[in-house]
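Student: Respectively, the protein sequence lines represent chains E and R.
With the first letter of the first sequence counted as 1, position 22 gets the number 22 in this note's numbering; the numbers rise by one all the way through.
Each position in the second sequence, counted from 1, maps to that position plus 1000 in this note's numbering.
Even glycine gets a Cβ: it sits at the ideal position worked out from N, Cα and C.
Nothing here was measured: the structure is a model prediction, and the numbers come from that model.
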Amino acid sequence: MTPTLSQILFITNTLSFATIIFMHLAKKNSQLVSLYAGQSILTVALLYFSSPDGLPYYLALTLLITLIVKVLAAPYFFMKFIKKSQMKFASNVYLNTPLTLMAIAALIVIAFSQFKPLTAAAPGNENSLLLSIAIIFISFLLIINRKGALSQIFGVLSLENGIVSFAALAGLEETFSLRIGIIFDISVWIIIATIFVSMIHKQFGSLDVTTMKHLKD
Amino acid sequence: MFIILIISAPLITALLSLLIRSRFLVFEILTILSAAIELASAILIVPRVISNGSYSIGSYFSIDALGAILMLIISVIGLAASLYSIGYIRREVAKQIIGFHRVKQYYIFLNFFILAMFSAVFTTSPIIMWIGIEATTLSTAFLISFYNKPSATEAAWKYLIVNSVGLLLGFLGIMLFQTAAIGTPGISNWHFILANASSLNPFIAKIAFIFILIGYGTKVGLAPMHTWLPDAHSKAPVPISSLLSGVLLNVAFLAILRFKAVTDAAVGQAFSQNLLIFFGIISISLAAFIIFAQKNYKRLLAYSSIEHMGIISLGFGFGGIGVFAGLLHMIYHSLAKSILFLASGSIFLKYSSTKIINAKGVLSVLPISGIIFLIGFLAITGVPPFGTFLTEFYILSAGMIQHPVITIVALLALIVAFVGFLKNTHSMIFGEAPETISKGEANKWVVVPPLCLVAILLVLSFYLPQFVKLLINSAALIY
């Protein structure tokens, strides 16, 4: 891998990393949708740049499908739902902004200090790989820190983007059919999660998961 | 040929069910036919696995000894759950709790669920296995929210989010294991990863297995990742609960075992064994105390599943005879837990409540289901002569020499669980029935399937057929 390509990958992943930080700071649901769409574009770019064989037709098709699912279809459905339900603002968080930022900083330190040996798979992309691990951890924090069902969905989807970027940077290749299988799975997940979000809104009158208190031992 | 039959039967049934617009009977016939084809094909595959070591079609599907055990569990419980569904769903329709649309949805998702489990077991690719297990989450999410009540939606949401996060972490684990296959595009089957396991960086292998164990462990219901399980298993319709508890947990455990073999080849057995012991003992202990204090009989059964997954985990963690016993325990637990869930379905249909305090005098109101529940209770708590007594005894003896403290803690927890189960079951079975409850079983469809499972469990407790021994022995050699 050339130093220039390595730098391009690092910059792309840094931007992707920035999107998850901004997701933590986002107050409106529409901002979350836009940030996820942006992160997905960057993930597609990362997949393109990290491909060692240029752009064979199967990869081009995979990238196109990924783009359609993650950048166009999913954000469209979520935006439509936000408008329909008038759920403009993301729900509360468990940690306030300064504490969230401190937790993010701690996760970055853990990713860069404890998971360095994982980069043995692709030493040329060491920092980018560690950034991907940080994205995974920070996405996980988004899922557990936010009380809104929609925010949790974006946490899961961002986590998935982090894993995809890690796999791409580590040079892990899959067959066309497997890539399609994974994208299909994610698409179905998005559809089902969207249906459940509308069910939650309908039955609980809110997307705040703390209102769901029917199940206790 | 037989693999294709097993895979295509539920797929075709689900697709045909999409086209049906008015007749309930067609869903029932198609589902039963599909389940019967699956069981017949599974029975025909077993001798081939025993004689050749595995049964494959192309490079994508292969069934080894452990896969064959899981295949038999899916098909036997699958058929019992399908038959039971007829009586259960008819009764819910008669009560006007659900309509045609819900029934259609039920049978379609039931078949997709069974298809996803078979795919996960048969595939040679860890990624297709991941897709299969994720597909079980997606197909069952709507079955858990089947009754469209806020509590069911809450359970389904928790199930969807917790399992999706868990499985994504598992996916990261798979990606890390695949670093053994870097530079070989498209090759990501178990054999290749296992053959290249020795070239894995030990640190990567350890981290990868931790992600796998946390990821798939979430689906297995190992504590502390179990939070979704009692909610989901208690809110789903009973036949689905029996499949979730009796079958799906084992399918997810299969994924852990496959990666355990890779990890063992890379860093030795001690690492994975210690982790399995850790999660096993936490699961048993936590579940035992909650079983003791439980007030809802479906949640009681769900926590019992967590306990038994802990026991199986402990068996693989202790190694030696514990592995054989762990595999045999999987079979016994599947049968006993399905029996209990199906019997609890009859209780629910009669009492319209899942609270233990409301379901008293079951034996006098439902004589057959009451006895079935009692047999299930004795089997699940490891009372002799049931096979679970022997498997639990073997697992604990395997741990007594190297891990005496953990073994004693496990034994104490099992006693607590037994006392808790006994206390709750006694109150349900022998209490005085409310006068408003009429006596008699709902219909034959909800009695015959659990009775058949009781017969199988009793036979397997007294006599282990040669083919089961061969399959377990063969699988135990690897894990």
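(1) Confirm, please, whether the CB-CB distance from Leu1254/R to Gly1067/R is below 9 Å.
(2) Might you give, ordered along the chain, the residues of its own chain that have their beta carbon closer than 7 Å to the beta carbon of Gly1326/R, omitting 5 neighbours on each side?
(3) Go to Ser1041/R, then tell me how far its alpha helix (DSSP H) extends in each direction, as first and last residue.
(4) Pick from Gly1376/R, Ile1375/R, Phe1024/R and Ile1037/R: whose alpha carbon is nearest that of Gly1087/R?
(5) Suppose the cutoff is 6 Å on Cβ atoms and the five residues either side in sequence are ignored; what does the same chain contact list for Phe1109/R look like?
(6) Rounded to whole angstroms, what is the Cα-Cα separation between Ser165/E and Ala1065/R?
(7) Name, going along the chain, the residues of the stretch 135-152 of chain E whose beta-carbon falls closer than 8 Å to a beta-carbon of chain R.
(8) Since Ala111/E contacts Ile133/E with CB under 8 Å, what's their CB separation in whole angstroms?
(9) With a threshold of 9 Å between beta-carbons, can Gln1105/R be considered close to chain E, or not?
(10) Which residues mark the beginning and the end of the beta strand (DSSP E) in which Ile1063/R is found?
(11) Listed in chain order, which residues of the stretch 185-196 of chain E have Cβ atoms closer than 7 Å to some Cβ of chain R?
(12) Could you tell me which uninterrupted alpha helix (DSSP H) segments, each at least 4 residues in length, are contained entirely in the stretch 1324-1394 of chain R, listed from first to last along the chain?
(13) What residues match up with Gly124/E in a beta bridge as DSSP calls it?
(14) Using beta-carbon positions only, say whether Gly1431/R and Ser1334/R come within less than 9 Å of one another.
(15) Go ahead and label Arg1258/R buried or exposed: buried means 16 or more other beta carbons lie within 10 angstroms of its beta carbon, across all protein chains shown.
(16) What distance in whole Å lies between the Cβ atoms of Phe1341/R and Ser1234/R, which are believed to be in contact at a cut-off of 8 Å?
(17) DSSP has Asp208/E in a bridge; who is on the other side?
(18) If the criterion is Cβ atoms closer than 9 Å, does the pair Ser1041/R and Ser1075/R meet it?
(19) Go through its chain and collect everything with a Cβ distance to Ile1368/R's Cβ below 7 Å, but skip five positions before and after it.
(20) Please look up how many angstroms separate the CB atoms of Ala1252/R and Leu1244/R, rounded, as I've assumed it's under 8 Å.
(21) Which of the three DSSP states is assigned to Lys28/E in this structure?
(22) To the nearest angstrom, how far is it from the Cα of Thr14/E to the Cα of Val1419/R?
(23) What is the rounded straight-line gap between the Cα of Lys1337/R and the Cα of Ala1410/R?
(24) Which stretch, first to last residue, makes up the alpha helix (DSSP H) that contains Ile1406/R?
(25) Whole angstroms is fine: what's the gap from His24/E's alpha carbon to Leu142/E's?
(26) Tell me the rounded alpha-carbon separation between Phe1462/R and Leu159/E.
(27) Smallest Cα separation from Ile1193/R: which of Leu1018/R, Met1175/R and Ile1210/R?
(28) Thinking just about the alpha-carbon of each residue, which of Thr1218/R, Phe1171/R, Lys1469/R and Ala1232/R is nearest to the one in Ile1207/R?
(29) Here's the rule I'm using: 16 or more other beta-carbon atoms within 10 Å means buried, otherwise exposed. How should Glu1435/R be labelled?
(30) Report the option in Lys1095/R, Ala1156/R, Ile1331/R and Thr1381/R whose CA atom is closest to the CA atom of Ile1069/R.
(31) Taking just the CA atoms, how far does Ala1080/R sit from Val1459/R?
(32) If we define contact as Cβ-Cβ less than 9 Å, is Val1165/R a contact residue for chain E?
(33) Pick helix, strand or coil for Tyr1479/R, following the three-state DSSP scheme.
(34) Leaving out five residues on either side along the sequence, give the residues of the same chain with a beta carbon under 6 Å from the beta carbon of Leu1115/R.
(35) Measure the alpha-carbon distance for Glu1092/R versus Ser1353/R and round it to whole angstroms.
(36) Who are the near neighbours of Ile1204/R in its chain, counting only those whose CB is closer than 7 Å to its CB and skipping five residues on each side?
Tutor: Let me spell this out:
(1) yes
(2) Ile1312, Gly1315, Phe1316 and Ile1395
(3) Phe1024 to Asn1052
(4) Phe1024/R
(5) Ser1139, Phe1142 and Leu1143
(6) 36 Å
(7) Ile136, Phe140, Ile143, Ala149 and Gln152
(8) 4 Å
(9) no
(10) Phe1061 to Ile1063
(11) Asp185, Val188, Trp189, Ile192, Ala193 and Phe196
(12) 1362-1365 and 1367-1380
(13) Answer is none; Gly124/E lacks a bridge partner.
(14) no
(15) buried
(16) With 8 Å as the limit, Ser1234/R and Phe1341/R do not qualify as a contact, their Cβ atoms being about 10 Å apart.
(17) Gly148/E
(18) yes
(19) Glu1441 and Val1447
(20) The Cβ separation is near 11 Å, so there is no contact.
(21) strand
(22) 56 Å
(23) 20 Å
(24) Pro1404 to Phe1430
(25) 6 Å
(26) 49 Å
(27) Met1175/R
(28) Phe1171/R
(29) exposed
(30) Ile1331/R
(31) 17 Å
(32) yes
(33) coil
(34) Pro1010 and Leu1011
(35) 14 Å
(36) Leu1176 and Thr1179
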